[in-house]
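Visitor:
Number of protein chains: 2
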Amino acid sequence: MSSRQSDRREFLKRGAALAGGLGLAAAKPASAQLPDPEGMIVGTDDLVAYGKRSRFEDSKRIPHGGRHSPDAFGLDFHIAAPLQESVGVITPSSLHYVGTTRGSYVPDIDPAKHRLMIHGLVDRELVFTMEELRRFPSVTRLHFIECAGNRSRSSHTTVQETHGMTSCAEWTGVLLSTLLEEAGVQDGGEWIVAEGVEEVKGASTIPVNKAMDDCILCYGMNGEAVRPQQGYPLRLLVPGFEGIFNVKWLRRIKVVDQYYMTYNDYGHLTQDPATAALGYQIGPKSVITFPSGSQRLPEPGFYEISGLAWSGGGKVARVEISTDGGRSWQDADIRGEPQPMAHTRFSMNWTWDGNECELQSRCTDELGQVQPSRAQVAAFWNQPPDQPVRVKGQDNSIQPWRIDSDGNVHNAII
Amino acid sequence: MSSRQSDRREFLKRGAALAGGLGLAAAKPASAQLPDPEGMIVGTDDLVAYGKRSRFEDSKRIPHGGRHSPDAFGLDFHIAAPLQESVGVITPSSLHYVGTTRGSYVPDIDPAKHRLMIHGLVDRELVFTMEELRRFPSVTRLHFIECAGNRSRSSHTTVQETHGMTSCAEWTGVLLSTLLEEAGVQDGGEWIVAEGVEEVKGASTIPVNKAMDDCILCYGMNGEAVRPQQGYPLRLLVPGFEGIFNVKWLRRIKVVDQYYMTYNDYGHLTQDPATAALGYQIGPKSVITFPSGSQRLPEPGFYEISGLAWSGGGKVARVEISTDGGRSWQDADIRGEPQPMAHTRFSMNWTWDGNECELQSRCTDELGQVQPSRAQVAAFWNQPPDQPVRVKGQDNSIQPWRIDSDGNVHNAII
Numbered sequence: 001m002s003s004r005q006s007d008r009r010e011f012l013k014r015g016a017a018l019a020g021g022l023g024l025a026a027a028k029p030a031s032a033q034l035p036d037p038e039g040m041i042v043g044t045d046d047l048v049a050y051g052k053r054s055r056f057e058d059s060k061r062i063p064h065g066g067r068h069s070p071d072a073f074g075l076d077f078h079i080a081a082p083l084q085e086s087v088g089v090i091t092p093s094s095l096h097y098v099g100t101t102r103g104s105y106v107p108d109i110d111p112a113k114h115r116l117m118i119h120g121l122v123d124r125e126l127v128f129t130m131e132e133l134r135r136f137p138s139v140t141r142l143h144f145i146e147c148a149g150n151r152s153r154s155s156h157t158t159v160q161e162t163h164g165m166t167s168c169a170e171w172t173g174v175l176l177s178t179l180l181e182e183a184g185v186q187d188g189g190e191w192i193v194a195e196g197v198e199e200v201k202g203a204s205t206i207p208v209n210k211a212m213d214d215c216i217l218c219y220g221m222n223g224e225a226v227r228p229q230q231g232y233p234l235r236l237l238v239p240g241f242e243g244i245f246n247v248k249w250l251r252r253i254k255v256v257d258q259y260y261m262t263y264n265d266y267g268h269l270t271q272d273p274a275t276a277a278l279g280y281q282i283g284p285k286s287v288i289t290f291p292s293g294s295q296r297l298p299e300p301g302f303y304e305i306s307g308l309a310w311s312g313g314g315k316v317a318r319v320e321i322s323t324d325g326g327r328s329w330q331d332a333d334i335r336g337e338p339q340p341m342a343h344t345r346f347s348m349n350w351t352w353d354g355n356e357c358e359l360q361s362r363c364t365d366e367l368g369q370v371q372p373s374r375a376q377v378a379a380f381w382n383q384p385p386d387q388p389v390r391v392k393g394q395d396n397s398i399q400p401w402r403i404d405s406d407g408n409v410h411n412a413i414i
Numbered sequence: 001m002s003s004r005q006s007d008r009r010e011f012l013k014r015g016a017a018l019a020g021g022l023g024l025a026a027a028k029p030a031s032a033q034l035p036d037p038e039g040m041i042v043g044t045d046d047l048v049a050y051g052k053r054s055r056f057e058d059s060k061r062i063p064h065g066g067r068h069s070p071d072a073f074g075l076d077f078h079i080a081a082p083l084q085e086s087v088g089v090i091t092p093s094s095l096h097y098v099g100t101t102r103g104s105y106v107p108d109i110d111p112a113k114h115r116l117m118i119h120g121l122v123d124r125e126l127v128f129t130m131e132e133l134r135r136f137p138s139v140t141r142l143h144f145i146e147c148a149g150n151r152s153r154s155s156h157t158t159v160q161e162t163h164g165m166t167s168c169a170e171w172t173g174v175l176l177s178t179l180l181e182e183a184g185v186q187d188g189g190e191w192i193v194a195e196g197v198e199e200v201k202g203a204s205t206i207p208v209n210k211a212m213d214d215c216i217l218c219y220g221m222n223g224e225a226v227r228p229q230q231g232y233p234l235r236l237l238v239p240g241f242e243g244i245f246n247v248k249w250l251r252r253i254k255v256v257d258q259y260y261m262t263y264n265d266y267g268h269l270t271q272d273p274a275t276a277a278l279g280y281q282i283g284p285k286s287v288i289t290f291p292s293g294s295q296r297l298p299e300p301g302f303y304e305i306s307g308l309a310w311s312g313g314g315k316v317a318r319v320e321i322s323t324d325g326g327r328s329w330q331d332a333d334i335r336g337e338p339q340p341m342a343h344t345r346f347s348m349n350w351t352w353d354g355n356e357c358e359l360q361s362r363c364t365d366e367l368g369q370v371q372p373s374r375a376q377v378a379a380f381w382n383q384p385p386d387q388p389v390r391v392k393g394q395d396n397s398i399q400p401w402r403i404d405s406d407g408n409v410h411n412a413i414i
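In structure tokens, the structure reads:
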């Protein structure tokens, strides 16, 4: 080893946090020759028309909870996004999480034949073709969707398993309020029932105030048509609400005078209708995606801790990171300008000293809501703190990742 | 026709611009029955892992200028994005425009074998693996790229042909300044030469001040790995500069003391090096994507005019729309918060009266730069205004679309 190499390695091991000197142990002096390309990808007509990812990329979704069968009609079926490989805030449409209660089949809809009906307690019943919907004033907004069942269990090893039932996309479509104003909501119209094209009629009941606020009838997703697994050609986006309200393959909106029970109800009926809307909101929540479960830090030194934060209550206002199991906290950097009800990327520069430690992240949203610890959640549900937490309803508790002295990262919940 | 239908049709024809009453002629009373789905898409393992778009979607890129051959080595080869079908600001990675000077083949690189070297006038020559690059602090930013040759000709019919050589993505990677600070730029290092893995060594020379400002070594694009056609596994992003500077399949950054001539030079050498950087900047520019060439308005009535604006000079500050061939202008709505050197979606509610008219859009950026008219560009180049404009260098002139009384939209440039 040359003295120059040796000097450099010493420098890097220090894990310097000086501006302009990050001390990344991985940097090495240049070798004389760099490898040549392996070959070329031929630009076929198909690849010219619509590109593909590299054959070396295998980031993929997995069935959530391990259940998967193409014949899984009648089963809850969920596909989790690979958050451990995520970068930025956009989830590629091909990797967006999927939740259905109808198995892994999805409707194969010809958009030329698809119609949206608005009916019920309205002055004018209306039916729209997709072409007609596209003529209305549109909005484009970044929003996350999250399944209410997205939660960490001690049997989960990766962040895809613990938190992969949420994704974020740039959605484009018509505000539901625009169409409801066209139809004219009558007195007494306090709820809407949104109904999709499904064998068993997937539907959700939503307060009309939410419908008039920020719900979007989406035909666009990440710059192209909504994907079939996301509700092609039309899905309802209910920003910040549990995933199940974001009805796919949307074909009817009925304005009604009371909460309608649907197949999609998971305990919502037990809630006071006056406060039900608040119960539907997701978060505040966050999770560290690197380093996360089953990943490994190859050596002590510099790392960027990175993760995602979100809240159904609005914009992410603050994310804190603890590297000592929640005893002390530091503010993370927020990437870009947080959008309301959208994933927000956070990060923090960190030098790992090689000792066992526990990483946590904590989100505070613009309403001042703070993501709770597992112990707080356990106390809320009157459960002993040293037992596995059995959360009723949503679980937005802090996710702890333990890093062993060998660099391996583990899910640290009990 | 019932009196209710008749009333509604009268209302809609008026094209009312009242809040809550857009008067969209396309809305119709509800029919009794809505169509059932055509069938189901089977959730195969492949579709669970990585989803696909609907078989009914055929939005596609086209070879720019009509030249395309898989054996087109040695030819300029450009693939234009379908802006006429774009929604929002994100271009799907599969539809992102492609420009190369090497034909439609692209390198097929194994990221495990790829290396980035930083050398030349630096204190420490460095070589990085992709894994090492991912350990550095990262940034995520929305940026457009545009080919300097992106320009409208009278022979072009669609906006894909006139303006399809620009796209916008969420890019993630390491700031080039971070690595240059690691390497230590020596006195006299005034330029960098960025070199990609290509048969004929695609390379560009960039002022070191730009390199230290906001250039990104990107491994992430729209939430996943950069696509092969965009430079997998690593591309240089030079925000706001002509597309050719955004070197793909990046493998070397050499710090040098003077401008280096490369195969990529298209007249840059004729410029004064002291001001060359400004000449490299794109825009300000904008184009209406709906309604645009070859589209058709089915009937008089309400439409949302929509388009994209961008500038290499920073954020889009204002977009104006003319519906009378540039005689009068109205401010368009800007969608969301404009990002620096990023596509910005604009729109304006409009009622077409059925008469022939000409639509134009005009972008002003945060520096106060205003997109010029075709006549201004002609005057700048000392060309008669009634002849086809032959622009030397970039062409960011205003795009006019003529709408005939039958609703057909045409490219109105001469």
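These protein sequence lines are chains V and R, in that order. If you count the first sequence from 1, position 4 lands on 4 in the numbering used here, and the numbers rise without skipping. If you count the second sequence from 1, position 190 lands on 190 in the numbering used here, and the numbers rise without skipping. By construction, the Cβ of each residue, glycine as well, lies at the ideal position given by its N, Cα and C atoms. Here the structure is a predicted model, which is why all the values come from computation and not from measurement.
For Tyr260/R versus Trp191/R, is the C-beta spacing smaller than 9 Å?
Guide: Indexing the second sequence from 1 puts residue 260/R at position 260. Indexing the second sequence from 1 puts residue 191/R at position 191. Between Tyr260/R and Trp191/R, the C-beta gap is smaller than 9 Å, which places the two residues in contact.
Visitor: Rounded to the nearest angstrom, what separates Asp7/V and Glu125/R at their Cα positions?
Guide: Mapped onto the first sequence, residue 7/V falls at position 7. Mapped onto the second sequence, residue 125/R falls at position 125. Because the pLDDT of Asp7/V is 37, which lies under 50, any placement of that residue in the model is unreliable, and the number read from its coordinates should be weighed accordingly. Rounded to the nearest whole angstrom, the CA to CA distance from Asp7/V to Glu125/R is 14 Å.
Visitor: Compute the distance between the beta-carbons of Gly51/V and His143/V, then report whether it is under 9 Å.
Guide: Position 51 of the first sequence, counting from 1, holds the residue named residue 51/V. Position 143 of the first sequence, counting from 1, holds the residue named residue 143/V. Their beta carbons are not under 9 Å apart, which means Gly51/V does not touch His143/V by this criterion.
Visitor: Does Phe144/R have its Cβ less than 9 Å from a Cβ in chain V?
Guide: Residue 144/R sits at position 144 when you count from the first residue of the second sequence. Taking Cβ atoms only, chain V never reaches closer than 9 Å to Phe144/R, which makes this a no.
Visitor: Which class does Met165/R belong to by DSSP, given the choice of helix, strand or coil?
Guide: Working through the second sequence from its first residue, we reach residue 165/R at position 165. Correct three-state label for Met165/R: coil.
Visitor: If contact is defined by three or more beta carbon pairs under 8 Å, each pair taking one atom from either stretch, is the region 298-316 of chain R in contact with the region 338-355 of chain R?
Guide: yes
Visitor: Going along the chain, which residues of the region 312-342 of chain V sit with their C-beta nearer than 9 Å to a C-beta in chain R?
Guide: Asp333, Arg335, Gly336, Glu337, Gln339
Visitor: Using the Cα positions of Ile253/V and Pro137/V, report the straight-line distance between them to the nearest angstrom.
Guide: Taking the first sequence and counting its residues from 1, the one referred to as residue 253/V is at position 253. Taking the first sequence and counting its residues from 1, the one referred to as residue 137/V is at position 137. In a straight line, the C-alpha of Ile253/V is about 19 Å away from that of Pro137/V.
Visitor: Within the continuous beta strand (DSSP E) that includes Ala203/V, where are the two ends?
Guide: Indexing the first sequence from 1 puts residue 203/V at position 203. Where Ala203/V is concerned, the enclosing beta strand (DSSP E) stretches over 203-207.
Visitor: Three Cβ pairs or more, each shorter than 8 Å: is that satisfied between the region 98-114 of chain V and the region 173-183 of chain V?
Guide: no
Visitor: Which residues, in chain order, does the region 49-61 of chain V contribute to contact with chain R at a C-beta distance below 8 Å?
Guide: Ala49, Tyr50, Gly51, Lys52, Arg53, Ser54, Arg55, Phe56, Glu57, Ser59, Lys60, Arg61
Visitor: Of the residues Gly231/R, Ser311/R, Asp395/R, His156/R, which one's Cα is nearest the Cα of Leu116/R?
Guide: To locate residue 116/R, count along the second sequence from 1; it is residue 116. When only C-alpha atoms are compared, the closest one is Gly231/R.
Visitor: Excluding five sequence neighbours on each side, which residues of the same chain lie with their C-beta closer than 6 Å to the C-beta of Asn222/V?
Guide: The residue you call residue 222/V lines up with position 222 of the first sequence. Once the five neighbours on either side are set aside, the close Cβ partners of Asn222/V are Ser93, Ala169, Glu170.
Visitor: Okay, do the region 338-347 of chain R and the region 367-379 of chain R touch, 3+ Cβ pairs below 8 Å being the bar?
Guide: no
Visitor: Hey, does His163/R have any beta-carbon neighbour from chain V nearer than 9 Å?
Guide: What you label residue 163/R is simply residue 163 of the second sequence in a count that begins at 1. So no, His163/R is outside the interface.
Visitor: Using only alpha-carbon positions, find the residue among Met165/R, Asp123/R, Glu161/R, Val127/R that is nearest to Gly184/R.
Guide: By one-based count along the second sequence, residue 184/R stands at place 184. When each option's Cα is compared against that of Gly184/R, the closest is Asp123/R.
Visitor: Is the CB-CB distance between Asp395/V and Ser152/V below 9 Å?
Guide: Within the first sequence, the letter at position 395 stands for residue 395/V. Within the first sequence, the letter at position 152 stands for residue 152/V. Taking 9 Å as the Cβ cut-off, Asp395/V and Ser152/V qualify as a contacting pair.
Visitor: Since I believe Val247/V is in contact with Ile430/R (beta carbons under 8 Å), could you give me their beta-carbon distance rounded to a whole number of angstroms?
Guide: Outside the displayed span of chain R (1 to 414) sits residue 430/R, for which this structure offers no information.
Visitor: Buried or exposed, going by whether 16 or more other CB atoms sit within 10 Å of the CB of Gly20/V?
Guide: On the first sequence, residue 20/V is found 20 positions in, with the first residue counted as 1. Residue placement at Gly20/V is poorly supported in this model, since its pLDDT is 39, which falls under 50; the coordinates still yield a value, given next. It counts as exposed.
Visitor: Can you pull the chain R neighbours of Tyr232/V, defined as C-beta to C-beta under 7 Å?
Guide: Taking the first sequence and counting its residues from 1, one reaches residue 232/V at position 232. What Tyr232/V touches in chain R: Ser54.
Visitor: Measuring straight from C-alpha to C-alpha, what distance separates Arg209/V and Val319/V?
Guide: By 1-based counting over the first sequence, the position of residue 209/V is 209. By 1-based counting over the first sequence, the position of residue 319/V is 319. Note on identity: in this sequence residue 209/V is Asn, with Arg being the wrong assignment. The alpha-carbon atoms of Asn209/V and Val319/V are separated by roughly 30 Å.
Visitor: State yes or no: is the beta carbon of Trp450/R nearer than 9 Å to at least one beta carbon in chain V?
Guide: Within the shown structure, residues of chain R are numbered from 1 to 414, placing residue 450/R beyond reach of any answer.
Visitor: Taking the alpha-carbon positions, what's the Phe290/V to Gln229/V distance?
Guide: Here residue 290/V corresponds to residue number 290 of the first sequence, with the count starting at 1. Here residue 229/V corresponds to residue number 229 of the first sequence, with the count starting at 1. So the alpha carbons of these two residues sit roughly 27 Å apart.
Visitor: Leu367/R CB to nearest chain V CB: under 9 Å?
Guide: In the second sequence, the residue the question calls residue 367/R occupies position 367. False, the Cβ-Cβ gap to chain V never drops below 9 Å.
Visitor: Quick check on the burial criterion: 16 or more other C-beta atoms within 10 angstroms. Buried or exposed for Gly314/R?
Guide: Your numbering for residue 314/R matches position 314 in the second sequence. The residue in question, Gly314/R, is buried, as its Cβ has 16 or more Cβ neighbours within 10 Å.
Visitor: For Phe380/R and Cys218/V, what's the separation of their Cα atoms in angstroms?
Guide: Translated into the one-based positions of the second sequence, residue 380/R becomes position 380. Translated into the one-based positions of the first sequence, residue 218/V becomes position 218. Taking C-alpha positions only, Phe380/R is separated from Cys218/V by approximately 44 Å.
Visitor: Could you name the residues of chain V that Ala375/R contacts, counting a contact when the two beta carbons are closer than 8 Å?
Guide: As a first step, residue 375/R is located in the second sequence; it is residue number 375 there, counting from the start. Result: empty, since nearest Cβ-Cβ is about 32 Å, beyond 8 Å.
Visitor: Would you mind listing the beta strand (DSSP E) stretches within the region 86-167 of chain V that are 3+ residues and don't spill past its ends, in chain order?
Guide: 98-100, 115-120, 126-129, 139-146, all fully within the region 86-167 of chain V.
Visitor: Is it true that the CB of Glu356/V sits closer than 9 Å to the CB of Val316/V?
Guide: Here residue 316/V refers to the residue found at position 316 of the first sequence. Here residue 356/V refers to the residue found at position 356 of the first sequence. Contact flag unset, no.
Visitor: Mind listing which residues of the region 80-111 of chain V have their C-beta closer than 8 Å to chain R's C-betas, in chain order?
Guide: Flagged, chain order: Glu85, Ser86, Val87, Gly88, Val89, Ile90, Thr91, Pro92, Ser93, Ser94, Leu95, His96, Val98, Gly103, Ser104, Tyr105, Val106, Pro107, Asp108, Ile109, Asp110, Pro111.
Visitor: Can you pull the chain V neighbours of Gln394/R, defined as C-beta to C-beta under 8 Å?
Guide: As a working mapping, residue 394/R is identified with position 394 in the second sequence. Chain V residues near Gln394/R: none, gap ~24 Å exceeds 8 Å.
Visitor: Can you have a look at Arg296/R and say buried or exposed, based on whether 16 or more other CB atoms are within 10 angstroms of its CB?
Guide: On the second sequence, position 296 is the one that residue 296/R refers to. It counts as exposed.
Visitor: Reducing DSSP to helix, strand and coil, say where Val389/V ends up.
Guide: Stepping through the first sequence from its first residue, residue 389/V is reached at position 389. Here Val389/V sits in coil by DSSP.
Visitor: Given that Ser347/R touches chain V, what residues does it touch there, using C-beta distances under 8 Å?
Guide: To locate residue 347/R, count along the second sequence from 1; it is residue 347. Those are Pro137, Ser138, listed as they occur along chain V.
Visitor: Which value, in whole angstroms, describes the spacing of the CA atoms of Pro111/V and Arg55/R?
Guide: Numbered from 1 along the first sequence, position 111 holds the residue referred to as residue 111/V. Numbered from 1 along the second sequence, position 55 holds the residue referred to as residue 55/R. One C-alpha to the other measures close to 11 Å.
Visitor: Nearest by alpha-carbon distance to His428/V: which of Ala378/V, Cys363/V, Leu359/V is it?
Guide: Because chain V in this structure spans residues 1 to 414, residue 428/V falls outside the shown range and cannot be described.
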